[in-house]
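If you want our numbering, it's the position in the sequence shown, counting the first as 1, plus 640. Built from N, CA and C at the ideal position, the CB exists for glycine as well.
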Amino acid sequence: MIDALILDLGNVLAFHDNEKLFSELARAFGSTREAVRARLDGGLWERVNRGLLPGDALRRELVARLGAELGPVEWFNLWNCHFTLHDEMVREVERLVGRIRLVLLSNTHDQHVAYLRPRLPVLERFDGLVLSCEVGAMKPDEAVYRKALELARVPASRAAFFDDVPRYADAATALGLHGRVFTTAAAFREHLRALRPDLVG
């Protein structure tokens, strides 16, 4: 039996199509997807997730690197163009509010949070949010899992963690949580049935 669910954001509560993001960034900056990906993969992505390029700082960094101007509003819309809500999973989580402790644990950027949070009002009913850009650490760092457990107010053995990235789920399991790889809402329900059957109708 578990007393807390710790959930990832991307590809759990909201899908993100990174290929679309890279394509749109390439179009906006007059570059190629490969060049944009290389810029983000070359250490920039980690700085983004660790909160070292907050707010408009990321836009200014890419403008300087790629040599094309892009205004803040256009940038914000572009930077978040790849998200769509996972409505089925959102409904599952809404059904769980008040029945089990809920914590979000996400590697993310503050502008992604600013875009998604008003579109996911259920997050306001969570018991805590652990956002890499706010805590300065990211999965699979042990510190972020410990922070999530602290907010959940349960020992590791009483918490389940769902993430679409296997190594992040494995890192949770190594710390004593019930790490599970998220695939679909239907599979989530089956995992939940095994972990806490009274929560599944």
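Annotated as proximal: A644 and R741, with beta-carbon spacing under 8 angstroms. Considered as a whole, the segment 758-799 harbours 772-775 and 782-792 as its complete alpha helix (DSSP H) runs of no fewer than 4 residues, in chain order. With a 10 Å radius around the Cβ and a threshold of 16 neighbouring Cβ atoms, N717 comes out exposed. Of all alpha-carbon atoms in L835, F822, G841 and A834, the one lying nearest the alpha-carbon of M729 is that of F822. With respect to the 8 angstroms criterion, A800 and R820 are classified as neighbours on the basis of their beta carbons.
Secondary structure at D643: coil, using DSSP grouped into helix, strand and coil. The beta carbon of H722 is closer than 6 angstroms to those of H656, D657, K660 and L661 in its chain, skipping five residues each way along the sequence.
In this structure, the beta-carbon distance from L839 to R690 does not fall below 8 angstroms.
The three-state secondary structure of T724, taken from DSSP, is strand. Look at A654 here: in three-state DSSP terms it is strand. When C-alpha distances from V784 are compared across L815, R798 and E764, the shortest belongs to L815. For F802 and V762, the gap between their C-alpha atoms comes out near 17 angstroms. Nearest in C-alpha terms to K779, of all of R829, V805, L684 and V794, is V805. Rounded to the nearest whole angstrom, the C-alpha separation of A834 and T672 is 46 angstroms.
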